[in-house]
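K.L.:
Mapped onto our numbering, the consecutive letters of the sequence shown carry residue numbers 933 to 1131. For glycine and all other residues, C-beta sits at the position ideal for the given N, C-alpha and C. Quick one: structure below, then a few questions.
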Amino acid sequence: MIYAINGPRKGQLVGTSSYCTVEPAIDIPGAEQDIAKVTPERFRELPILASTINSQPESFSLRNGHAHLYADSKNQNFDIVLFDQDVRVRAIPTSYLWSYGDGSSRSLEFPGEPQANRGFDAPTSTSHVYKETGDFGVGLTTRFRGEYSTEGGPWTPIPGVANVPSTAVTMSVWRTKKVLVAENCQATPDGPGCASIFE
């Protein structure tokens, strides 16, 4: 209500005007999701499972042979709550940093895979050659990128990455020894060079 404060109509009602009893809603696209965004720090706190280190044959190779190593990894999903909003987060492996225990390392963009019927003379995209014999600790760190979706909304990238180390495995590297024999191992299985090196 508007009242006159001066003149002949002082104190009289001269007009009225309506007004809102509540604040109008502010419509900002995406504002509902901003408060529940997943930070790089929060992403790294998630219990992301490390890749598993595999080798063929298991934990064994020959000096100057091709030790076939590969990683077993997968996408992982997590359901969390931020500021009373349901948020789904997914971790996606993107690269693999191998440490072979002999002073060398290599970063790959793929995990590798099992190889059927291969020998130590056949290289693979993820194999490694040991120049010396001995036991070597093989390590692996998998780099994961993240995305999140708030209340079923679109997927949004999370800045930064999470580096997740795997449990190291021991690779035993042996040397080969050639023995020339003139006997038939089927007829004389106990002859020199006939017994399996694994027995």
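Exposed or buried, P1043, counting other C-beta atoms within 10 Å across all chains shown (16 or more means buried)?
P.N.:
Counting Cβ neighbours within 10 Å, P1043 comes out buried, since at least 16 surround it.
K.L.:
Taking just the CA atoms, how far does A968 sit from G1078?
P.N.:
G1078 and A968: Cα-Cα distance of roughly 15 Å.
K.L.:
Taking E1083 as the reference, give the member of S993, D1011, S987 with the closest Cα.
P.N.:
Of S993, D1011, S987, the residue nearest in Cα terms is D1011.
K.L.:
Contact between the segment 1051–1066 and the segment 1014–1024: three or more CB pairs below 8 Å?
P.N.:
Verdict: no, contact absent.
K.L.:
DSSP state of R1020, grouped into three classes?
P.N.:
It is a strand residue.
K.L.:
To the nearest angstrom, how far is the alpha carbon of P1055 from that of A999?
P.N.:
In a straight line, the C-alpha of P1055 is about 8 Å away from that of A999.
K.L.:
Would you mind working out which of D1018, G1035, I980, Q988 sits nearest N1009, comparing C-alpha positions?
P.N.:
The option with the nearest alpha carbon to N1009 is I980.
K.L.:
In the structure shown, what three-state DSSP assignment does F1076 receive?
P.N.:
Looking at F1076 - three-state DSSP - the assignment turns out to be strand.
K.L.:
Under 8 Å from any heavy atom of the ligand GDP, does the C-beta of F1042 make it?
P.N.:
Absence of the ligand GDP from the depicted structure is noted, as is the absence of any ligand whatsoever, leaving it without description.
K.L.:
Have a look at N1095 and T1073 and give me their C-alpha separation to the nearest angstrom.
P.N.:
C-alpha separation (whole angstroms): 6 Å.
K.L.:
Distance, Cα to Cα, R1075 vs E990?
P.N.:
Going from the Cα of R1075 to the Cα of E990 covers about 24 Å.
K.L.:
Does P972 come out as helix, strand or coil in the three-state DSSP assignment?
P.N.:
The answer is helix: DSSP assigns P972 an H, G or I state.
K.L.:
Give me the DSSP bridge partner(s) of Q1008.
P.N.:
Bridge partners of Q1008: A1023.
K.L.:
Assuming S1005 contacts M1103 under a Cβ cut-off of 8 Å, what Cβ separation, rounded to an integer in Å, is found between them?
P.N.:
With 8 Å as the limit, S1005 and M1103 do not qualify as a contact, their Cβ atoms being about 19 Å apart.
K.L.:
Going by DSSP, name the residue or residues bridged to T984.
P.N.:
D1004, per the DSSP bridge assignment.
K.L.:
Taking all protein chains shown into account, do 16 or more other C-beta atoms lie within 10 angstroms of the C-beta of A1119, making it buried, or fewer, making it exposed?
P.N.:
Burial call: exposed.
K.L.:
Provide the residue span of the beta strand (DSSP E) that contains F992, from first to last.
P.N.:
Run containing F992: 992–994, per the beta strand (DSSP E) assignment.
K.L.:
From the DSSP secondary-structure annotation, give me the bridge partner or partners of D1067.
P.N.:
The partner list for D1067 (beta bridge, DSSP) reads S1104.
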